[in-house]
Each structure stands twice: as C-alpha cells, then as structure tokens.
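Have a look at the structure below, then the notes.
Residue numbers (the working numbering): 4 to 127.
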C-alpha cells in the first residue's frame with residue numbers, strides 16, 4: 004500500500020502574489036539591476052513591461068499545522084509564461100514592491116503616496 008502512495012504525483016498549488024514592473028527593478032541612483040541573475044527582458048519573447056510573481060507549493064493531504072510544503076517563488080513572463088524559480092533572497096528583495104503594487108492596483112494608495120513609498124524602498 005505504501006508503494007502506491009509513494010508513486011502518486013501531487014499537483015502544485017499556485018497563487019499569484021503580484022507583479023513587479025521592470026523599471027522598479029532598476030535602482031534609480033546606481034542604475035543597478037535588483038536581481039542580477041534575472042534578465043531585464045524575457046529571454047524567450049523580449050517582453051520587458053513587468054513580471055508576475057507566483058508562489059507554488061504542495062498542499063498536504065491532511066490538514067496539519069505545518070503549512071505549505073516545498074514553497075517556490077517563480078518569476079513568470081506574462082506574455083509567454085517563461086518561468087524562473089527565484090532564490091529566497093531574491094524574493095525577499097522584491098516582496099515590498101509586490102505589496103506596494105498590490106495596494107496601488109486596489110486603489111488603496113494614491114500616486115503621490117505611491118511614489119514616495121517607492122523612493123523609501125530604494126533607500127533601504
């Protein structure tokens with residue numbers, strides 16, 4: 004019976020965390036790219052508007068307090084769905100931008116407040 008369970012393939016659950024625009028990934032003072040391992044343009048289709056950030060994980064079969072299993076954060080092109088798995092350090096660098104962009108999309112932040120918070124993120 005255990006060999007049957009071991010052979011099962013669990014589907015990964017995906018959740019869109021937000022988007023990050025290409026111009027946000029360039030530090031305005033130093034012109035340094037925020038994620039050096041990731042190209043500013045998609046390598047497949049040369050799209051350079053923004054990237055979708057997706058959280059991918061396995062849900063446990065039984066509801067346990069352990070949470071998601073083997074979490075991955077993926078940088079995905081919105082045009083061709085080319086995907087690059089982010090390192091945890093890379094994800095933590097862009098996470099504040101994702102939160103800020105999500106607030107702007109929902110209309111919780113005005114443009115002037117958005118720009119000032121964006122400048123504060125670059126100073127950190």
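Heads up, the beta-carbon is just placed ideally off N, CA and C, and yes, glycines get one too.
None of these values were measured; they are calculated from a predicted model.
*Taking 6 angstroms as the cut-off, is the CB of residue 46 close to at least one heavy atom of the ligand MG?*
You won't find the ligand MG in this model; it holds no ligand whatsoever.
*Could you please give the first and the last residue of the uninterrupted alpha helix (DSSP H) stretch that includes residue 59?*
That residue, residue 59, is in no alpha helix (DSSP H); its beta strand (DSSP E) goes 53-61.
*Mind checking whether residue 60 and residue 16 have CB atoms under 7 angstroms apart?*
A contact, by the Cβ cut-off of 7 angstroms.
*asked:* Quick check on this structure: which residue in 75, 18, 23 has the alpha carbon closest to the alpha carbon of residue 108?
replied: Nearest C-alpha to residue 108: 23.
*Taking Cβ to Cβ, would you say residue 106 is nearer than 7 angstroms to residue 57?*
Taking 7 angstroms as the cut-off, the beta carbon of residue 106 is found no closer than this to the beta carbon of residue 57.
*When burial is assigned at 16 or more other CB atoms within 10 Å of the CB, is residue 122 buried or exposed?*
Burial is judged here by how many other beta carbons sit within 10 angstroms of a residue's own beta carbon; residue 122 has fewer than 16 and is exposed.
*residue 96 lies in the beta strand (DSSP E); which residues open and close that run?*
Residue 96 -> not in any beta strand (DSSP E); alpha helix (DSSP H) instead, spanning 91-109.
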